[in-house]
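Asker:
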Amino acid sequence: MNNHTTPTGSAGETVAISQDDELRLNTDVYHPHFTRREYVRLGTHPTVDLIFVRPVSVDTADPSEEDIASAYKIDHTGYTGEVTCRRFLQHHNYHHTATTQYVAEWWSDHGVLCVDLTDPVPTSEQS
Numbered sequence: 658m659n660n661h662t663t664p665t666g667s668a669g670e671t672v673a674i675s676q677d678d679e680l681r682l683n684t685d686v687y688h689p690h691f692t693r694r695e696y697v698r699l700g701t702h703p704t705v706d707l708i709f710v711r712p713v714s715v716d717t718a719d720p721s722e723e724d725i726a727s728a729y730k731i732d733h734t735g736y737t738g739e740v741t742c743r744r745f746l747q748h749h750n751y752h753h754t755a756t757t758q759y760v761a762e763w764w765s766d767h768g769v770l771c772v773d774l775t776d777p778v779p780t781s782e783q784s
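Just so you know, we're using this note's numbering here: the sequence shown kicks off at 658 and counts up by one.
#1: Take residue 682 as the anchor and find which of 751, 775, 771, 746 has the nearest alpha-carbon.
#2: Apart from the five residues on each side of it in sequence, which residues of its chain come closer than 6 Å, Cβ to Cβ, to residue 746?
#3: Residue 745 by DSSP, collapsed to three states: which one?
#4: Could you tell me the boundaries of the alpha helix (DSSP H) in which residue 776 lies?
#5: Give the secondary structure of residue 760 by DSSP, where H, G and I count as helix, E and B as strand, and everything else as coil.
Now the structure itself:
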């Protein structure tokens with residue numbers, strides 16, 4: 658993922674995708690970018706296995722059809738953010754049988770978190 662021109666990622670920035678179809682934003686990405694938002698929009702790259710997570714505002718009093726269809730609520734746990742997104746993951750054929758952490762980088766020029774599905778974080782069992 659180092660070929661993008663403006664990443665501000667660090668080794669501690671990761672996102673886990675669980676077998677129960679949740680994106681879990683770890684503390685290093687959650688606190689600076691997602692704590693003040695209630696929703697995210699998710700997207701993918703057309704040719705590379707990347708997931709984009711963009712914090713967004715949704716008018717919960719009178720949401721538009723687009724807002725309802727494309728936004729996922731963040732469950733704020735205090736330290737991390739969890740996004741249940743089964744529909745999105747299944748639609749893009751991202752199936753996980755075990756929780757896997759991936760390297761993530763904040764792309765400030767686009768205001769999105771980029772999760773690189775080709776770059777899983779090694780676990781102690783893989784080392």
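Beta carbons: idealized from backbone N, C-alpha and C, even for Gly.
Answerer: In this structure, then:
#1: Residue numbering aside, residue 682 sits at position 25 when the sequence shown is read from its first letter. Taking only the C-alpha atoms, the option nearest residue 682 is 771.
#2: As a first step, residue 746 is located in the sequence shown; it is residue number 89 there, counting from the start. Same-chain partners within the cutoff: 678.
#3: Taking the first residue of the sequence shown as 1, we reach residue 745 at position 88. Helix, per DSSP.
#4: Along the sequence shown, read from residue 1 onward, the residue named residue 776 stands at position 119. Taken as a continuous stretch (DSSP letters only), residue 776 belongs to no alpha helix (DSSP H), being part of the beta strand (DSSP E) at 769 to 777.
#5: Looking up residue 760 in the sequence shown gives position 103. Strand at residue 760.
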